[in-house]
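Scroll down for the structure; my scribbles are underneath it.
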Amino acid sequence: MLKFYRFFWVFTALAYFVALMLSYAYLPERVGIQTDDEGVVNEFIDRETFFYFGVGIFIVVNLLGSILLSVLNGIPDSSGFYFRSEEFKENITSWFSAFVAIINIFLICAVAYIAIFNNQGASGSFQFNWLIYVAPLFFVINLVWLVMIMIRR
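By my numbering, the letter at position 76 of the sequence shown is numbered 68, and the numbering carries on one by one without gaps.
Structure, rendered in structure tokens:
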């Protein structure tokens, strides 16, 4: 199972770069990131700032995830420090890999929503508001999975 979740992590990382590149290609020079109560864009950033900020957040999140996963894998399963069995260690590392992949899904949804918002205007982007709820739904499912792992510990 751990290999599947690591593959899922790598897949979401590649999907994020595809989403970011496509978004960057179609964004205007000034990217709207906030509207007022009437739906008029009132805050902008440069397209390059958006791109590099997106790359920076992605690198920080995935680098921290990779480091923490290496630390988790470095703890022996029989040490009694945290892991009590190989199965528990595999479940926790699988959960953590899936958690970072879900953060990547959140980043994909955020980049896609900003791209849609800037290409269709504020009125057309409201039909894509469901993108905002995809990642939190996965977060809740992942937290339920963690609770189940801890209960079975």
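Cβ atoms here follow ideal geometry from the backbone N, Cα and C, with glycine treated the same way. This one's a predicted model, so the numbers in the text were calculated from it and none came from an experiment.
Give me the Cα-Cα distance between residue i and residue j, rounded to the nearest whole angstrom.
| i | j | result |
| --- | --- | --- |
| A114 | G31 | Note that A114 scores a pLDDT of 47, beneath 50, so its modelled location is shaky; the value from the coordinates is reported in the next line. Distance between the alpha carbons of A114 and G31: 6 Å. |
| A5 | V136 | 23 Å |
| F88 | F9 | 21 Å |
| K(-5) | V2 | 11 Å |
| L19 | F0 | 28 Å |
| L99 | D69 | 32 Å |
| N111 | L123 | 16 Å |
| M13 | F36 | 19 Å |
| V53 | V33 | 29 Å |
| R(-2) | I95 | 14 Å |
| I25 | R76 | 47 Å |
Report the three-state DSSP secondary structure of residue i (helix, strand or coil).
| i | result |
| --- | --- |
| E35 | strand |
| R76 | coil |
| I141 | helix |
| A114 | Since pLDDT at A114 reaches only 47, below the 50 mark, its modelled position is unreliable, and no value is offered. |
Apart from the five residues on each side of it in sequence, which residues of its chain come closer than 7 Å, Cβ to Cβ, to residue i?
| i | result |
| --- | --- |
| I84 | L64 and I141 |
| G57 | V92 |
Is the distance from the Cβ of residue i to the Cβ of residue j below 9 Å?
| i | j | result |
| --- | --- | --- |
| F43 | Y16 | yes |
| F80 | N134 | no |
| I97 | V126 | yes |
Taking 8 Å as the cut-off, is the CB of residue i close to at least one heavy atom of the ligand SAM?
| i | result |
| --- | --- |
| G66 | For the ligand SAM, the structure offers nothing, since it holds no ligand at all. |
Please name the residue or residues paired with residue i in a DSSP beta bridge.
| i | result |
| --- | --- |
| R22 | D38 |
| T4 | Per DSSP, none; premise fails for T4. |
For residue i, which residues of its own chain have a beta-carbon under 8 Å away from its beta-carbon, when the five flanking residues on both sides are left out?
| i | result |
| --- | --- |
| V103 | Y8, A11, L12, S15 and G46 |
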